[in-house]
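What follows is a single structure, written as structure tokens, with notes after it.
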Amino acid sequence: MNNRIYTKGLAVVLIIALLIMAYLGIKLSSKEKNVVFNENIGKDNAEEEKTEWIFVDIDGAVNCPGVYELKDGCRVNDAIVMAGGLTDKAYTKNLNKARLLVDGEKIYVLNNDEINEVNSENSKLININTASKEMLKTIPGIGDAYAQRIIDYRDKKFFETIEEIKKIDGIGEKTFEKMKELITIGEQ
């Protein structure tokens, strides 16, 4: 009779062990879906320290203007977050928050009062740093392809002078002479 009790006890222990293993298996399999693979695992710290850093000056309608150090590959929105976010009066229609940052660049976020001043002063000028593709196409000598080239250029780096537009493939001195009185780079 002792042997039967021992066998039944062993069977109960085995069933409990199987249930625990099944439960753990289910838990672990659901956690696998949330695993994020980091390609840096196994690499030494020296390689991680090779991260390139850039410095960006952000000013205007942000809560904490200043110079910030960010990882290379960050975007304008990352700089805004570092600067404490936008103020309530920030004007962002001309701001591409998804644009990649460039080392040493200055970002100035206009506020609503400033944009009204700029619009009245430059109402006839087209800002090549902020104009839409359709607005750019109103410039003499600029069609769809050139407008896109201007946008592609400024997505990497804002124009610092209106003469810099001559760096766009196909825009030479003659085309520039036709447009120079009609374009601006705005406040920098």
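Heads up, the sequence shown is in this note's numbering, so the first residue is 17 and it goes up one at a time.
For each residue, glycine too, the CB sits at the ideal point set by N, CA and C.
Identified DSSP bridge partners for residue i
| i | result |
| --- | --- |
| residue 200 | 143 |
| residue 180 | Per DSSP, none; premise fails for residue 180. |
| residue 124 | 75 |
| residue 102 | 78 |
| residue 86 | 70 |
For residue i, the nearest candidate out of the options (CA to CA)
| i | options | result |
| --- | --- | --- |
| residue 95 | 21, 78, 22 and 28 | 78 |
| residue 105 | 130, 91 and 175 | 130 |
| residue 91 | 172, 30 and 186 | 172 |
| residue 179 | 160, 69 and 199 | 199 |
| residue 80 | 100, 72, 38 and 71 | 100 |
| residue 117 | 161, 174, 197 and 153 | 174 |
| residue 1 | 197, 121, 160 and 28 | Within the shown structure, residues of the chain are numbered from 17 to 204, placing residue 1 beyond reach of any answer. |
Cut-off 6 Å between Cβ atoms - residues of its own chain near residue i, not counting five sequence neighbours on either side
| i | result |
| --- | --- |
| residue 202 | 143 and 145 |
Neighbourhood of residue i by C-beta, 7 Å cutoff - its chain only, sequence neighbours within 5 removed
| i | result |
| --- | --- |
| residue 149 | 163, 164 and 167 |
| residue 67 | 87 |
| residue 115 | 91, 92 and 171 |
| residue 187 | 162 and 181 |
Cutoff 8 Å; reference residue i; Cβ partners in own chain excluding five residues on either side
| i | result |
| --- | --- |
| residue 195 | 155, 156, 157, 158 and 181 |
| residue 113 | 91, 92, 93 and 96 |
Collapsed DSSP secondary structure at residue i in the structure displayed
| i | result |
| --- | --- |
| residue 116 | strand |
| residue 22 | helix |
Review point. Do the segment 69–78 and the segment 112–129 touch if we need at least three Cβ pairs shorter than 8 Å?
Key: Below 8 Å, enough C-beta pairs join the segment 69–78 and the segment 112–129 to call them touching: three or more.
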